[in-house]
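Trainee: Residue numbers (the numbering used here): 21 to 592.
Even glycine gets a Cβ: it sits at the ideal position worked out from N, Cα and C.
No experiment lies behind these values; they were computed from the predicted model shown.
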């Protein structure tokens, strides 16, 4: 007979799981030993369990199949929580296998004991503790099926004395495929009538439409609609798209903002864009989403469509009237192109030596540090068309959003719903482990990277050839910007960093510190062609400002007041 541990490992292999991420511990020793004794699953031992959860979540998002991480009893399991919350909010199917004290000691406040079912109740769509070997087969089925069907986290807790006990082998019933839903015909007809009656339409498209690229572009063409993309909506929809006008929100641009507010009607496809302040609340809205709980959550919806984006749009398109007047679309496309051209001036390494650049340099970059826009643009130019990008929450995401185009088969990952720091590096580890021949590039903030710095070594240990691009401005940059927009002087955001390139080199990575703008291109080429993990430590301008699409008088006044306070309290 097989053991609980070997049955579990065999089931994961049958599901197509490639790696299991975690930190070993006594409660899970039978499982890690079962992994050792087979040749299908790769064990990747990280330096912090949070990195394991982020890596497993990244793999789940990229493949649509199950990602797996492990944490041993007590603290080992608790360390998974932040990464699992990111998986939850990203709708990534992840199985977390957690250790527990022996069954005879449970509920006795034993050493390291925590109640995993209580701890993980909010983050998990399913959680259970195996207290007898016979429970394992059906509890595992329920955990896996719940994670895959509901696109969320399942937590299976296994006490230390259960893993090596025998269990009869049983046929497994895993529901790997999800059914697809098409909106009701009457709802599709109502949506078409609303859109046909509107003089102008703008589309807001998110990652839920990634598999419906052809249908989304056809809808934009038929409606002559400018298309605003969410950050995740860039993936699969941004490249070679003559209708897109960039993004809205704090990382967006004026053209996208105006396209949303000047349209008569909005068509939302596959997005739960959370920022109500950036959405007009007085429009006729059609919202298409596969999750009914998303409908109307952010703004009033006149015509709801619950269904798969690709199949439902295929039903909607024949009912739409083709528009010959493209004035509305052309106007916002031109505004977007003008804005983008102005932004691209900052990507020139010689920017600060030209007339306008010299004027700006005296205001915000007297030390001629590298402008982060130039770094992002250089990466975009050199990266492969199937590269996988990850980005830390904060200013590094702003630069990626504005200067890296998701063309071709490029993919994009980040903590875009949870908003955690420290996600980019471990997500890059997960991506690189799926295919060590594919280019993986992490846009890391210096603050985020330092949180889980130890797992840079994981890239070396397991030969994960990711490139870590560090925007080293010595600041928690987004927090600094938020303080100053509120009229507060910068405080508590400065980071006393070591030489990050030297630290990375000591860990075994190919590493280079870059301080001059004209060295950016060579450094990027060198890192991306290196056969192994590499890190680029760019010393970037901490005063670089990301101007929102529609800056308010209050924000401008607050920024001016903050700068005066900073000058008055300067220690220099």
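Whether or not the region 164-175 and the region 267-278 are in contact is what I'm after, with contact meaning three or more pairs of Cβ atoms, one per stretch, closer than 8 Å; do they touch?
Mentor: Cβ pair count under 8 Å is below three, so no.
Trainee: Output the boundary residues of the beta strand (DSSP E) element that contains residue 247.
Mentor: For the purposes of this step, residue 247 is identified with residue 227 of the chain shown, where counting begins at 1. Unbroken beta strand (DSSP E) run through residue 247: 247-249.
Trainee: Please determine, among 284, 231, 259, 255, the residue with the shortest C-alpha to C-alpha distance to residue 244.
Mentor: Along the chain shown, read from residue 1 onward, the residue named residue 244 stands at position 224. With distances taken between Cα atoms, residue 244 lies closest to 284.
Trainee: In the DSSP assignment, find the beta strand (DSSP E) that holds residue 530 and state where it starts and stops.
Mentor: Stepping through the chain shown from its first residue, residue 530 is reached at position 510. That run of the beta strand (DSSP E) goes 530-534.
Trainee: Name the DSSP bridge partner or partners of residue 87?
Mentor: Residue numbering aside, residue 87 sits at position 67 when the chain shown is read from its first letter. Looking at the DSSP assignment, residue 87 forms a beta bridge with 114.
Trainee: Would you decide whether residue 69 is buried or exposed? Buried here means 16 or more other CB atoms lie within 10 Å of its CB.
Mentor: Numbered from its first residue, the chain shown carries residue 69 at position 49. By the neighbour-count rule (16 or more Cβ atoms within 10 Å), residue 69 is buried.
Trainee: Where do the ends of the alpha helix (DSSP H) carrying residue 147 lie?
Mentor: Stepping through the chain shown from its first residue, residue 147 is reached at position 127. From DSSP, residue 147 is part of no alpha helix (DSSP H) but of the beta strand (DSSP E) over 144-149.
Trainee: What number of angstroms, rounded off, separates the C-alpha of residue 212 from the C-alpha of residue 309?
Mentor: Against the chain shown, residue 212 aligns to sequence position 192. Against the chain shown, residue 309 aligns to sequence position 289. If I take the Cα positions, the gap works out to 16 Å.
Trainee: Which residues share a DSSP beta bridge with residue 464?
Mentor: Counting from one through the chain shown, the residue named residue 464 turns up at place 444. Paired residues: 490.
Trainee: Under 8 Å, with one C-beta from each stretch per pair, do the region 96-110 and the region 52-62 reach the 3-pair mark?
Mentor: Counting Cβ pairs under 8 Å, fewer than three are found: no touch.
Trainee: Measuring only the C-alpha atoms, how far is residue 590 from residue 380?
Mentor: Taking the first residue of the chain shown as position 1, residue 590 is located at position 570. Taking the first residue of the chain shown as position 1, residue 380 is located at position 360. Caution is warranted here: a pLDDT of 49 is assigned to residue 590, below 50, making its placement in the model unreliable, and the coordinate value is therefore given only provisionally. When rounded, the distance between both Cα atoms is 21 Å.
Trainee: Restricting to Cα atoms, I'd like to know which of 347, 32, 171 is closest to residue 145.
Mentor: The count along the chain shown starts at 1 and reaches residue 145 at position 125. Ranking 347, 32, 171 by Cα distance to residue 145 puts 171 first.
Trainee: Between the Cα of residue 306 and the Cα atoms of 391, 312, 214, which residue gives the shortest distance?
Mentor: Translated into positions along the chain shown, residue 306 becomes position 286. Among 391, 312, 214, the Cα nearest to that of residue 306 belongs to 214.
Trainee: Count the other CB atoms, across all protein chains shown, that sit within 10 Å of the CB of residue 479; report buried if there are 16 or more and exposed otherwise.
Mentor: Walking along the chain shown from the start, residue 479 turns up at place 459. So residue 479 counts as buried.
Trainee: Name the one or two DSSP bridge partners that residue 223 has.
Mentor: As a first step, residue 223 must be located in the chain shown, where it is residue number 203. Answer by DSSP bridge pairing, in chain order: 247, 287.
Trainee: What does residue 62 pair with, by DSSP beta-bridge criteria?
Mentor: Counted from its first residue, the chain shown places residue 62 at position 42. Its beta-bridge partners are 39.
Trainee: Check this for me: beta carbons of residue 288 and residue 224, under 8 Å apart or not?
Mentor: Translated into positions along the chain shown, residue 288 becomes position 268. Translated into positions along the chain shown, residue 224 becomes position 204. Yes; because the gap between Cβ atoms is below 8 Å, this pair is in contact.
Trainee: Nearest CA to the CA of residue 256: which residue from 82, 494, 41, 459?
Mentor: Residue 256 sits at position 236 when you count from the first residue of the chain shown. Among 82, 494, 41, 459, the Cα nearest to that of residue 256 is on 82.
Trainee: Could you tell me the boundaries of the beta strand (DSSP E) in which residue 260 lies?
Mentor: For the purposes of this step, residue 260 is taken as residue 240 along the chain shown, with counting starting at 1. From DSSP, residue 260 is part of no beta strand (DSSP E); its letter is neither H nor E.
Trainee: Below 8 Å on the Cβ atoms is my guess for residue 292 versus residue 201; work out the distance and round it to an integer in Å.
Mentor: Taking the chain shown and counting its residues from 1, one reaches residue 292 at position 272. Taking the chain shown and counting its residues from 1, one reaches residue 201 at position 181. 17 Å between Cβ atoms; not a contact.
Trainee: On the DSSP letters alone, give me the boundaries of the beta strand (DSSP E) that residue 324 sits inside.
Mentor: As a first step, residue 324 is located in the chain shown; it is residue number 304 there, counting from the start. Where residue 324 is concerned, the enclosing beta strand (DSSP E) stretches over 323-326.
Trainee: Since residue 242 and residue 340 should fall inside the 8 Å C-beta cutoff, what is the C-beta to C-beta distance between them, to a whole number of angstroms?
Mentor: Within the chain shown, numbered from 1, the residue matching residue 242 stands at position 222. Within the chain shown, numbered from 1, the residue matching residue 340 stands at position 320. Yes, residue 242 and residue 340 are in contact; Cβ-Cβ is about 5 Å, under 8 Å.
Trainee: Compute the distance between the beta-carbons of residue 67 and residue 474, then report whether it is under 8 Å.
Mentor: Within the chain shown, numbered from 1, the residue matching residue 67 stands at position 47. Within the chain shown, numbered from 1, the residue matching residue 474 stands at position 454. Yes. Within cutoff.
Trainee: Taking 8 Å as the cut-off, decide whether the C-beta atoms of residue 404 and residue 369 are in contact.
Mentor: Locating residue 404 in the chain shown gives position 384, where the first residue counts as 1. Locating residue 369 in the chain shown gives position 349, where the first residue counts as 1. No, they are not a contact pair.
Trainee: I'd like the span of the alpha helix (DSSP H) that includes residue 452, first residue to last.
Mentor: Position 432 of the chain shown holds residue 452. First-last of the alpha helix (DSSP H) with residue 452: 444-454.
Trainee: My understanding is that residue 136 touches residue 97, with C-beta atoms under 8 Å, so please give their C-beta distance in whole angstroms.
Mentor: The residue given as residue 136 occupies position 116 in the chain shown. The residue given as residue 97 occupies position 77 in the chain shown. Yes, residue 136 and residue 97 are in contact; Cβ-Cβ is about 6 Å, under 8 Å.
Trainee: So, does the CB of residue 557 fall closer than 8 Å to a CB anywhere in chain B?
Mentor: The structure shown contains no chain B; it is built from a single protein chain.
Trainee: Looking at the unbroken beta strand (DSSP E) that takes in residue 434, where does it start and where does it end?
Mentor: Taking the chain shown and counting its residues from 1, one reaches residue 434 at position 414. 431-434 is the extent of the beta strand (DSSP E) around residue 434.
Trainee: What is the residue span of the beta strand (DSSP E) that residue 177 lies within?
Mentor: Here residue 177 corresponds to residue number 157 of the chain shown, with the count starting at 1. From DSSP, the beta strand (DSSP E) with residue 177 extends over 173-179.
Trainee: Please state if the CB of residue 177 and the CB of residue 120 are separated by a distance shorter than 8 Å.
Mentor: The residue given as residue 120 occupies position 100 in the chain shown. The residue given as residue 177 occupies position 157 in the chain shown. The answer is yes: Cβ separation under 8 Å.
Trainee: Have a look at residue 247 and residue 266 and give me their C-alpha separation to the nearest angstrom.
Mentor: By one-based count along the chain shown, residue 247 stands at place 227. By one-based count along the chain shown, residue 266 stands at place 246. If I take the Cα positions, the gap works out to 8 Å.
Trainee: At which residues does the beta strand (DSSP E) containing residue 555 begin and terminate?
Mentor: Mapped onto the chain shown, residue 555 falls at position 535. Segment 554-559, the beta strand (DSSP E) holding residue 555.
Trainee: Closest to residue 112 by C-alpha separation, out of 227, 160, 91, would be which residue?
Mentor: The residue you call residue 112 lines up with position 92 of the chain shown. Nearest C-alpha to residue 112: 227.
Trainee: Please name the residue in 79, 101, 45 whose C-alpha comes closest to that of residue 438.
Mentor: One-based indexing of the chain shown puts residue 438 at position 418. For residue 438, the nearest C-alpha among the options comes from 101.
Trainee: Excluding five sequence neighbours on each side, which residues of the same chain lie with their C-beta closer than 6 Å to the C-beta of residue 147?
Mentor: As a working mapping, residue 147 is identified with position 127 in the chain shown. Counting only Cβ-Cβ distances below 6 Å, and skipping sequence neighbours, we find 137, 140, 175.
Trainee: With the cut-off set at 8 Å, would you say residue 412 and residue 450 are in Cβ contact?
Mentor: Along the chain shown, one-based indexing puts residue 412 at 392. Along the chain shown, one-based indexing puts residue 450 at 430. Cβ distance not < 8 Å, so residue 412 and residue 450 don't count as in contact.
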